[in-house]
Amino acid sequence: MKQLATRTDALEQSGIRAISKLINEVDGINLGQGICDMPVPTPIKSAAHAAIDGDESIYSHFAGVRELRSRIAAKIRTYNKIPIESEENIVVSVGSTGAFVTAMMALLNPGDEVLLFEPYYGYHKHIIELIGGSVTYAPIDMSTYSVDFNQVREAISENTKAILITTPANPSGKVWSHEECLNILSIAHELDLYIITDEIYEYMLYDGAEHLSIASMPTAYDRTITLSGFSKTYNMTGWRLGYAVAPTHIAEKMGLINDLVYICAPTPLQHALVAAFDMSESYYSDLRAAYLEKRNMMCDTLERCGFNLVRPQGSYYILADYSKLRQRFDGFDDDMSACKTLISMCGIGTVPGRSFFSDPQDGNDLLRFCYAKELDVLTEACKRLEAAFTQPAQ
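Numbering-wise (the working numbering), the sequence shown opens with residue 10 and increments by one.
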């Protein structure tokens, strides 16, 4: 039988999915995958019921329901301060990942290169490679969340076509500063590069950190694609609704690709998401306060257990160094064995650090924890961790 496409040769189940499968088998607590399993806000659920009962069931416009795109456009102008012309600059897709796929297919020819910052989100890397692009890397200093822009320049080659940043970042929790965004923009102008920003965690900010969309900066919009969505903010990761914001000449091509690949995002759920834009400001302030409490609980617990970490500035992940546990407990030879040890000792699922680095050794001492859980579930997880790791090893 003839071989499958060579693009599938390197495909394998992500570390995130693999650990989720293991933790589900023992009915443990999954602090690995960013499932975000709190309830969807009632007004949005009610709007979904109404859309389904109202038979909003046929294909929408390939770029999304016009009313939803109009409400997104208004939010983009006010919250993100991006100077879009109209809802024609919005493409609604099957999650922000779907929007990322259409963006990469619109931008990249085979062999074109995208610069990612390590630690990176694995789906970005693998999607770029799946469609024939390649990836180059620049590091984030995890002790300070800083970036050396000399290293950024060194990582860029004649094949580099775009720079991708995630802010707030998964898995690091870094929030990109105004000065750092200026540096990215300066390099992009100098070397004629596109900028892609993944801003799906834009409302999850702590300790005075402020969200900045690069596309809002003078001269940035024409070369920037901004990605965001609804999954994380409204606890609906399974609804698969996200969007891209781009200048007209890019948005038009992305819309056509979205039509070919997905036809459209789920129509009744698009109608339901219009209600999200009527949520009061208190919803977002309460969201930040709730996540801050969970971040502090999780960080405090991990530190008491012997992990080293830098508290995230945003998102809902902690990348923690477990290497000191190796001195006290068996089963911490590397990040994969550490994941399995946490499952066996306390029924807690995490993600191995190698999932976020081009060289697996760079993630060898790291685990990613997600605290997007109901407070009682997170409290139980913290109790289990402390029971296992704050006592002397037996």
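For each residue, glycine too, the CB sits at the ideal point set by N, CA and C. Note that this is a predicted model, so its numbers are computed, not measured.
Simplified DSSP state of residue i, which is helix, strand or coil
i      : result
Asp18  : coil
Gly264 : helix
Cys308 : helix
Pro275 : coil
Tyr252 : strand
Thr233 : strand
Asp36  : coil
Val319 : coil
Phe378 : strand
Asp72  : With the sequence shown as reference, residue 72 is identified as Ala, and Asp is not the correct amino acid for it. DSSP places Ala72 in coil when its eight states are reduced to three.
Thr111 : helix
Ala56  : helix
Gly104 : helix
Asp64  : coil
Asp342 : coil
Val283 : helix
Pro92  : coil
Lys241 : coil
Leu328 : strand
Beta-carbon proximity of residue i to residue j, cut-off 9 Å
i      : j      : result
Phe301 : Ile327 : Just to set this straight, residue 301 is Leu in the shown sequence, not Phe. For Leu301 and Ile327, no; Cβs fall outside 9 Å.
Val270 : Ile91  : no
Ala147 : Leu116 : no
Pro50  : Met288 : yes
Asp343 : Asn317 : no
Thr175 : Ile209 : yes
Ser69  : Thr276 : yes
Ala112 : Ile259 : yes
Thr350 : Phe378 : no
Glu199 : Asn89  : no
Gly142 : His280 : no
Leu31  : Cys348 : yes
Asp121 : Thr87  : no
Thr246 : Asn98  : no
Gln12  : Arg26  : no
Gly107 : Ala329 : no
Integer-rounded CB distance, given that residue j should sit under 8 Å from residue i
i      : j      : result
Phe109 : Leu236 : 6 Å
Ala171 : Thr145 : Going by Cβ atoms, the distance from Ala171 to Thr145 rounds to 11 Å, so no, they are not a contact pair.
Leu387 : Met306 : 6 Å
Tyr331 : Leu376 : 6 Å
Ile38  : Glu389 : 7 Å
Tyr380 : Lys303 : 4 Å
Phe239 : Leu282 : 6 Å
Residue from the options with nearest C-alpha to residue i
i      : options                           : result
Asn33  : Asp371, Gly356, Ser364 and Phe366 : Gly356
Lys84  : Asp344, Ser225 and Gly315         : Ser225
Ile136 : Arg75, Ala19, His70 and Ala72     : Ala19
Cys391 : Cys308, Pro48 and Met288          : Cys308
Ile81  : Ile352, Ala284, Val319 and Lys333 : Ala284
Gln400 : Val386, Phe378, Thr388 and Met354 : Met354
Thr242 : Ser294, Lys333 and Asn159         : Ser294
Thr228 : Ile53, Ser195 and His220          : Ser195
Ile193 : Leu376, Glu290, Gly120 and Leu221 : Leu221
Asp216 : Gln12, Ala381 and Arg320          : Arg320
Pro128 : Ala396, Ala381, Glu389 and Gly362 : Gly362
Phe126 : Ala396, Glu389, Met345 and Phe366 : Phe366
Asn244 : Lys382, Val156 and Glu65          : Lys382
Gly340 : Phe398, Gln370 and Ala57          : Phe398
Problem set entry | Cβ pair count under 8 Å reaching 3, the stretch 131 to 138 against the stretch 152 to 163 | With the rule of 3 Cβ pairs closer than 8 Å, the stretch 131 to 138 does not count as touching the stretch 152 to 163.
Exercise. How about the stretch 250 to 259 and the stretch 90 to 107: do they share at least three Cβ pairs that are nearer than 8 Å?
Worked result: Taking 8 Å as the limit for Cβ pairs, the verdict is that the stretch 90 to 107 does touch the stretch 250 to 259.
Exercise. Looking at C-beta atoms only, is the number of pairs between the stretch 198 to 207 and the stretch 225 to 233 that lie closer than 8 Å three or more?
Worked result: A contact is defined here as three or more CB-CB pairs under 8 Å, and the stretch 198 to 207 meets this definition with respect to the stretch 225 to 233.
Problem set entry | Contact the stretch 181 to 196 vs the stretch 317 to 325: 3+ CB pairs below 8 Å | The stretch 181 to 196 makes contact with the stretch 317 to 325: 3 or more CB pairs, one atom from each, lie closer than 8 Å.
Exercise. Okay, do the stretch 257 to 269 and the stretch 38 to 49 touch, 3+ Cβ pairs below 8 Å being the bar?
Worked result: In the pairwise beta carbon analysis, the stretch 257 to 269 is classified as not touching the stretch 38 to 49: fewer than three pairs are separated by under 8 Å.
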